[in-house]
Amino acid sequence: MKTALTIAGSDPTGGAGLQADLKVFRTFDVHGLSVVSAITAQNTVGVDSIYPVERDFLEKQLHILLSDIKPDALKIGMLYSKWAVEIVADMLKEYSLSNLVIDPVTVSSSGMSLVDNGTLDTIREKLFPFSKVITPNIYEASVFTGIRIENKNDMENTAKVLKDMGPEVIVITGGHLEEIALDLYYDGEFHSIEGEKIKGEYHGTGCAFSAAATALLALGHIPLESVKRAKEFVNNSIKKAYHPGRGMGLLYL
Numbered sequence: 070m071k072t073a074l075t076i077a078g079s080d081p082t083g084g085a086g087l088q089a090d091l092k093v094f095r096t097f098d099v100h101g102l103s104v105v106s107a108i109t110a111q112n113t114v115g116v117d118s119i120y121p122v123e124r125d126f127l128e129k130q131l132h133i134l135l136s137d138i139k140p141d142a143l144k145i146g147m148l149y150s151k152w153a154v155e156i157v158a159d160m161l162k163e164y165s166l167s168n169l170v171i172d173p174v175t176v177s178s179s180g181m182s183l184v185d186n187g188t189l190d191t192i193r194e195k196l197f198p199f200s201k202v203i204t205p206n207i208y209e210a211s212v213f214t215g216i217r218i219e220n221k222n223d224m225e226n227t228a229k230v231l232k233d234m235g236p237e238v239i240v241i242t243g244g245h246l247e248e249i250a251l252d253l254y255y256d257g258e259f260h261s262i263e264g265e266k267i268k269g270e271y272h273g274t275g276c277a278f279s280a281a282a283t284a285l286l287a288l289g290h291i292p293l294e295s296v297k298r299a300k301e302f303v304n305n306s307i308k309k310a311y312h313p314g315r316g317m318g319l320l321y322l
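Our numbering numbers the first residue of the sequence shown as 70 and each following residue consecutively.
Structure (structure tokens):
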């Protein structure tokens with residue numbers, strides 16, 4: 070059985086973070102490995118607080134796991150601090166890890182910042198050059214580039230700037246565009262991946278999408294096929310979403 074690792078924060082709702090990633094990996098018949106980067110207090114309404122895992126313990130989790138199992142692909146979600154990014158970057162080199170997917174988490178769906186000052190610059194410098202695929206949404210892509218995205222042309226210009234930062238493949242997820250749910254794939258050539266625009270607010274869509282792409286890369290699929298199938302998976306999961314709490318819907322994973 071193929072393996073995939075998620076390095077991410079814990080979400081008590083199970084709708085996002087490493088809990089959601091592990092469910093997605095299992096759906097694709099991939100064994101899920103996990104390293105906790107932070108603990109959160111949150112529900113379907115929003116994130117209340119974040120407690121980053123201590124430096125030494127984050128490093129120990131990675132060392133102990135990777136000295137035994139080398140994942141076929143891995144996904145990086147929330148890394149709260151600069152030093153966490155630096156630790157992960159060192160591990161990527163030390164253990165020669167490949168098929169890296171980065172879901173560059175910046176803010177929660179409810180608007181709370183999920184990174185400390187300077188963390189995004191360190192992600193761009195230390196992790197982007199090692200990545201197979203990065204999957205920022207429109208807001209995150211704008212934060213990394215300074216480009217305001219209002220349409221497809223803006224997405225294309227932003228993708229080119231992001232590609233120059235080192236990733237092999239850029240996928241800007243466009244669920245926040247008003248007209249359509251357009252994801253833009255760029256590896257030197259553009260591919261527009263459109264999906265049905267489904268009304269409502271749903272928790273963990275970015276986590277599920279990047280986790281699905283990671284699982285498919287672990288299984289040996291090429292990036293474009295992985296992204297297309299991940300998009301289809303998330304759309305189907307949104308259609309089956311349910312509402313156990315007072316806030317956003319949770320995907321059926």
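No residue lacks a Cβ here, since even glycine has one placed at the ideal position from N, Cα and C.
Would you tell me roughly how many angstroms separate the C-alpha atoms of residue i and residue j, rounded to the nearest one?
i: K388; j: V154; result: Absent from the model: residue 388. The displayed extent of the chain is 70 to 322, so no value can be given.
i: N220; j: V174; result: 22 Å
i: P140; j: E265; result: 33 Å
i: N168; j: Y311; result: 32 Å
i: L319; j: D190; result: 31 Å
i: P313; j: L288; result: 32 Å
i: Y164; j: L135; result: 7 Å
i: G187; j: S150; result: 8 Å
i: A228; j: E301; result: 22 Å
i: L131; j: M147; result: 15 Å
i: I171; j: I218; result: 20 Å
i: V105; j: E194; result: 22 Å
i: T274; j: N305; result: 11 Å
i: K297; j: V303; result: 10 Å
i: I145; j: A77; result: 6 Å
Tell me, to the nearest whole angstrom, how far the beta carbon of residue i is from that of residue j; I am working on the premise that it is less than 8 Å.
i: A110; j: V122; result: About 14 Å; that fails the 8 Å criterion.
i: L253; j: E225; result: 7 Å
i: L50; j: S103; result: An answer regarding residue 50 cannot be provided, because it is not within the stretch 70 to 322 covered by the chain.
i: V240; j: V202; result: 6 Å
i: T96; j: L322; result: 6 Å
i: F199; j: M234; result: About 11 Å; that fails the 8 Å criterion.
i: I267; j: K308; result: 7 Å
i: V93; j: A284; result: 6 Å
Compare the C-alpha of residue i against each of the options and name the closest.
i: V213; options: V230, N222, V240, D223; result: According to the sequence displayed, residue 213 carries Phe and not Val. F213 has its Cα closest to that of V230, out of V230, N222, V240, D223.
i: I192; options: L319, P292, V157; result: V157
i: G86; options: V176, G215, F199, F259; result: V176
i: Y208; options: D223, K309, N305; result: D223
i: D125; options: T82, A280, W152, V114; result: W152
i: L286; options: D98, Q88, G275; result: D98
i: Y255; options: P205, E270, H272, A284; result: P205
i: M317; options: V93, G235, E258, G115; result: G115
i: K129; options: S295, M160, V238; result: M160
i: I249; options: S211, V238, K144, I262; result: I262
i: L74; options: E237, H272, T82, H100; result: H100
i: D142; options: H290, G257, E270; result: For the sequence presented, residue 142 should be read as Ala rather than Asp. Comparing Cα positions, the closest option is H290.
Across which residues does DSSP place residue i in a beta bridge pair?
i: P121; result: A107
i: L74; result: L102, L143
i: G264; result: A250
i: S182; result: V176
i: S79; result: I108
Span of the alpha helix (DSSP H) holding residue i?
i: S211; result: 207–214
i: T274; result: 274–287
i: E301; result: 292–308
i: V157; result: 151–163
i: T188; result: 188–195
For the beta strand (DSSP E) that residue i lies in, which residues bound it at each end?
i: L320; result: Per DSSP, L320 belongs to no beta strand (DSSP E) and is neither H nor E.
i: D252; result: 250–255
i: V238; result: 238–243
i: V66; result: Given that the chain is displayed from residue 70 to residue 322, the structure contains no residue 66 and the question cannot be resolved.
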